[in-house]
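Engineer: Throughout, our numbering is defined as the position within the sequence shown, counted from one, plus 26.
Note that the Cβ used here is the ideal one computed from N, Cα and C, for glycine as well.
All values reported here derive from a predicted model rather than from experimental measurement.
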Amino acid sequence: MNILFIGKRFYTNRDALTEKYGRIYQLPYHWAKTGVDTKLWLIDYHSTEFIAQQDDSLAIISTPVKNGRVIKQYWQESRSKKKPDIIIASGDCYIGLLGYHLAKKLNAKFVFDVYDKYDEFGGYIKLLGFDLFAYLLKKSDLRMFASQALLKQLGILEHDFILTNGIDRKLFRKIDKSEARDKLNIHTGNKIVGYFGSMEADRGVADLIQAIIILRSQSIPVELFLGGKSNPELNLNLPGIHYLGNIAFSEISYVLAACDILAIPYRRSPFMDAGASNKIVESIACERPIVATKSPNLYANFAKQALELEKYLAEPSNPRSLAMVIERQLLDQKIVSQPNNIYWEDISTNAKEHIENMLKLDNIKIFNKG
Numbered sequence: 027m028n029i030l031f032i033g034k035r036f037y038t039n040r041d042a043l044t045e046k047y048g049r050i051y052q053l054p055y056h057w058a059k060t061g062v063d064t065k066l067w068l069i070d071y072h073s074t075e076f077i078a079q080q081d082d083s084l085a086i087i088s089t090p091v092k093n094g095r096v097i098k099q100y101w102q103e104s105r106s107k108k109k110p111d112i113i114i115a116s117g118d119c120y121i122g123l124l125g126y127h128l129a130k131k132l133n134a135k136f137v138f139d140v141y142d143k144y145d146e147f148g149g150y151i152k153l154l155g156f157d158l159f160a161y162l163l164k165k166s167d168l169r170m171f172a173s174q175a176l177l178k179q180l181g182i183l184e185h186d187f188i189l190t191n192g193i194d195r196k197l198f199r200k201i202d203k204s205e206a207r208d209k210l211n212i213h214t215g216n217k218i219v220g221y222f223g224s225m226e227a228d229r230g231v232a233d234l235i236q237a238i239i240i241l242r243s244q245s246i247p248v249e250l251f252l253g254g255k256s257n258p259e260l261n262l263n264l265p266g267i268h269y270l271g272n273i274a275f276s277e278i279s280y281v282l283a284a285c286d287i288l289a290i291p292y293r294r295s296p297f298m299d300a301g302a303s304n305k306i307v308e309s310i311a312c313e314r315p316i317v318a319t320k321s322p323n324l325y326a327n328f329a330k331q332a333l334e335l336e337k338y339l340a341e342p343s344n345p346r347s348l349a350m351v352i353e354r355q356l357l358d359q360k361i362v363s364q365p366n367n368i369y370w371e372d373i374s375t376n377a378k379e380h381i382e383n384m385l386k387l388d389n390i391k392i393f394n395k396g
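1. What ranges does the alpha helix (DSSP H) occupy inside the segment 320 to 349, keeping only unbroken runs of at least 4 residues that lie completely in it?
2. Over the uninterrupted alpha helix (DSSP H) stretch that includes V307, give me the two end residues.
3. Apart from the five residues on each side of it in sequence, which residues of its chain come closer than 7 Å, Cβ to Cβ, to S347?
4. Would a C-beta distance cut-off of 8 Å place Y47 and I193 closer than the cut-off?
5. Output the boundary residues of the beta strand (DSSP E) element that contains E249.
6. In the DSSP assignment, the beta strand (DSSP E) including H268 goes from what residue to what residue?
7. Would you kindly check if the distance between the Cβ of N272 and the Cβ of A302 is under 8 Å?
8. Tell me which residue opens and which closes the alpha helix (DSSP H) that R35 is part of.
9. Considering Cα atoms alone, identify which of Y37, D82, L43 is closest to K59.
10. Determine which residues share a DSSP beta bridge with T64 and list them.
11. What is the rounded straight-line gap between the Cα of A134 and the Cα of L356?
12. Run the CB neighbour count on P265, radius 10 Å, all protein chains shown included, and call it buried at 16 or more, exposed below.
13. How about S256 and L288: do their beta carbons lie closer than 8 Å?
14. Could you give the distance in angstroms between the alpha-carbon of E336 and the alpha-carbon of I77?
15. Going along the chain, which residues of its own chain have a beta-carbon closer than 6 Å to the beta-carbon of A175, five neighbours each way excluded?
16. With distances taken Cα to Cα, identify the nearest neighbour of V351 among V96, Y338, T44.
17. Are the beta-carbon atoms of F222 and I278 separated by less than 8 Å?
18. Curious, which full-length alpha helix (DSSP H) runs of at least 4 residues does the segment 77 to 152 contain?
19. Hey, P291 and D233: beta-carbon distance below 8 Å or not?
20. Tell me whether the segment 213 to 220 and the segment 164 to 174 touch, counting them as touching only if at least three CB pairs, one residue from each stretch, are closer than 8 Å.
21. Out of L66, I50, S295, M27, which one is the CA nearest neighbour of A226?
22. With a threshold of 8 Å, are at least 3 pairs of Cβ atoms found where one atom belongs to the segment 89 to 99 and the other to the segment 62 to 78?
23. Any idea what DSSP makes of R354, helix, strand or coil?
24. Contact check, C312 vs I201 under 8 Å by CB: the rounded distance?
25. Quick check on G155: buried or exposed, where buried means 16 or more other Cβ atoms within 10 Å of its Cβ?
26. Quick check on V362: does DSSP put it in helix, strand or coil?
27. Please name the residue, chosen from T64, V231, F275, L177, that lies closest to I86 on a Cα-to-Cα basis.
28. Distance check for K143 and N344, CA to CA, integer angstroms please.
29. Taking the DSSP output, what are the residues bridged to L168?
30. Let me check one thing: in DSSP terms, what residues is G220 bridge-paired to?
31. Mapping the DSSP letters down to three states, classify Y71 as helix, strand or coil.
32. Helix, strand or coil: which one does DSSP assign to R49?
33. For D41, which beta-bridge partners are listed by DSSP?
Encoded structure:
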């Protein structure tokens with residue numbers, strides 16, 4: 027089996043290449059590590075730097091869109107003597123379209139990796155009413171979805187499969203809280219609530235800030251530590267609110283460990299409801315207590331953990347409800363059980379088996395026709 031994986035280099039405020047971040051990097055890396063002939067082609071919307079490098083057995087190229095290098099690479103891939111059996115596209119619909127056309131040209135199977143509702147992305151345009159997202163879902167030979175909601179809404183249940191977001195076993199692990207605070211030079215006698223990730227409105231960070239203000243007004247000694255790309259609509263210059271910037275992915279486990287509890291304050295929205303938050307898995311792997319909101323995102327993907335967290339789940343978009351569960355969890359320090367198959371090596375093996383089965387079934391059909 028020969029796989030070409032085409033993915034977005036910069037996404038969710040991370041660099042898949044330099045930080046070896048997320049499914050776009052980790053899936054092809056682990057496939058290559060197990061002996062599958064795999065190449066990762068990253069599409070770079072931000073810089074103008076062409077990169078070609080190797081990570082163990084994985085061949086990697088990164089091509090910028092701004093200077094047209096991506097077009098040259100498409101031309102080279104379409105004429106390469108070493109043709110892939112499988113082309114996987116992940117990141118957005120435009121990368122999906124590139125992957126689909128290349129697969130068609132090379133007579134390869136096309137797998138569409140849907141880790142979010144791509145038609146909800148800000149840059150998605152229905153040109154003359156044409157729905158590219160729906161078109162790619164229809165034309166792909168196999169679809170991989172990051173959440174139960176995405177599969178049920180967009181997939182074929184008996185054919186497609188869920189490929190959850192995973193974590194790096196070496197990175198997300200239990201670290202002593204005192205050790206983490208010493209490393210980060212954090213010295214406070216107050217309790218620390220943490221949120222680290224994107225800060226768009228539907229992530230609920232504004233509600234979390236208000237919840238902390240409520241608790242502090244009740245003389246509860248608590249501070250909020252935030253990390254990620256800042257939202258200019260948020261007022262972070264408030265007593266007890268500490269913005270740490272966009273923390274390096276390699277340091278994130280120390281920041282999580284430094285907190286007394288971690289918050290996942292998501293609001294309801296079509297985008298958030300269909301997602302598969304990785305924050306709960308990261309928090310559990312680091313053995314930190316969690317508070318969250320009653321989001322379909324949580325119930326659909328982590329049903330057992332949601333049940334264990336019942337006393338610590340707030341109503342979405344309700345700072346007072348969130349303040350109540352934060353106060354309760356600061357006292358109880360409840361840590362939930364670990365879900366199965368949360369590490370990339372296990373998830374990549376599961377995905378490889380599904381893809382291999384697709385190829386086997388296709389070969390059987392060809393044999394029967396003959």
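Structural biologist: Checking against the coordinates, here is how it stands:
1. 322 to 327, 329 to 334
2. Taking the sequence shown and counting its residues from 1, one reaches residue 307 at position 281. From DSSP, the alpha helix (DSSP H) with V307 extends over 305 to 311.
3. For this step, residue 347 is matched to residue 321 along the sequence shown. Cβ within range, chain order: A340, E341.
4. For the purposes of this step, residue 47 is taken as residue 21 along the sequence shown, with counting starting at 1. For the purposes of this step, residue 193 is taken as residue 167 along the sequence shown, with counting starting at 1. The Cβ atoms of Y47 and I193 do not sit closer than 8 Å to each other.
5. Within the sequence shown, numbered from 1, the residue matching residue 249 stands at position 223. Run containing E249: 248 to 253, per the beta strand (DSSP E) assignment.
6. Mapped onto the sequence shown, residue 268 falls at position 242. Residue range 267 to 269 is occupied by the beta strand (DSSP E) that includes H268.
7. Within the sequence shown, residue 302 is the residue found at index 276, counting from 1. Within the sequence shown, residue 272 is the residue found at index 246, counting from 1. Contact flag unset, no.
8. Translated into the one-based positions of the sequence shown, residue 35 becomes position 9. Run containing R35: none; DSSP gives neither H nor E here.
9. Position 33 of the sequence shown holds residue 59. When the alpha-carbon of K59 is set against those of Y37, D82, L43, the nearest one is in D82.
10. What you label residue 64 is simply residue 38 of the sequence shown in a count that begins at 1. Note: T64 sits in a beta bridge opposite I29.
11. Taking the first residue of the sequence shown as 1, we reach residue 134 at position 108. Taking the first residue of the sequence shown as 1, we reach residue 356 at position 330. Looking at the two C-alpha atoms, the distance is approximately 53 Å.
12. Sequence index remark: in the sequence shown, residue 265 carries index 239 (1-based). Exposed.
13. Along the sequence shown, one-based indexing puts residue 256 at 230. Along the sequence shown, one-based indexing puts residue 288 at 262. Cβ distance not < 8 Å, so S256 and L288 don't count as in contact.
14. Within the sequence shown, the letter at position 310 stands for residue 336. Within the sequence shown, the letter at position 51 stands for residue 77. Roughly 47 Å separates the two Cα atoms.
15. Taking the sequence shown and counting its residues from 1, the one referred to as residue 175 is at position 149. Contacts found: A300, A326.
16. In the sequence shown, the residue the question calls residue 351 occupies position 325. Closest by alpha carbon: Y338.
17. As a first step, residue 222 is located in the sequence shown; it is residue number 196 there, counting from the start. As a first step, residue 278 is located in the sequence shown; it is residue number 252 there, counting from the start. Contact: yes.
18. 95 to 104, 119 to 132
19. Stepping through the sequence shown from its first residue, residue 291 is reached at position 265. Stepping through the sequence shown from its first residue, residue 233 is reached at position 207. Result yes, Cβ atoms of P291 and D233 sit closer than 8 Å.
20. no
21. Counted from its first residue, the sequence shown places residue 226 at position 200. With the sequence shown as reference, residue 226 is identified as Glu, and Ala is not the correct amino acid for it. The option with the nearest alpha carbon to E226 is S295.
22. At 8 Å Cβ cutoff, the stretches touch.
23. Here residue 354 refers to the residue found at position 328 when the sequence shown is read from its first residue. Helix.
24. As a position in the sequence shown, residue 312 is number 286, starting the count at 1. As a position in the sequence shown, residue 201 is number 175, starting the count at 1. Their Cβ separation, rounded to whole angstroms, is 7 Å, which keeps C312 and I201 in contact under 8 Å.
25. Counting from one through the sequence shown, the residue named residue 155 turns up at place 129. G155 comes out exposed.
26. Counted from its first residue, the sequence shown places residue 362 at position 336. Three-state result, V362: coil.
27. Stepping through the sequence shown from its first residue, residue 86 is reached at position 60. Nearest of T64, V231, F275, L177 to I86, Cα basis: T64.
28. Taking the first residue of the sequence shown as 1, we reach residue 344 at position 318. Taking the first residue of the sequence shown as 1, we reach residue 143 at position 117. If you take the alpha carbons of N344 and K143, they lie about 25 Å apart.
29. As a working note, residue 168 is residue 142 in the sequence shown. Partner(s): V137.
30. Translated into positions along the sequence shown, residue 220 becomes position 194. Paired residue(s): F251, L288.
31. Reading the sequence shown from its first residue, position 45 is the one you call residue 71. Note: Y71 maps to coil in three-state DSSP.
32. Position 23 of the sequence shown, counted from the first residue, corresponds to residue 49. If DSSP states are grouped into helix, strand and coil, R49 belongs with the helices.
33. By one-based count along the sequence shown, residue 41 stands at place 15. According to DSSP, D41 bridges with F36.
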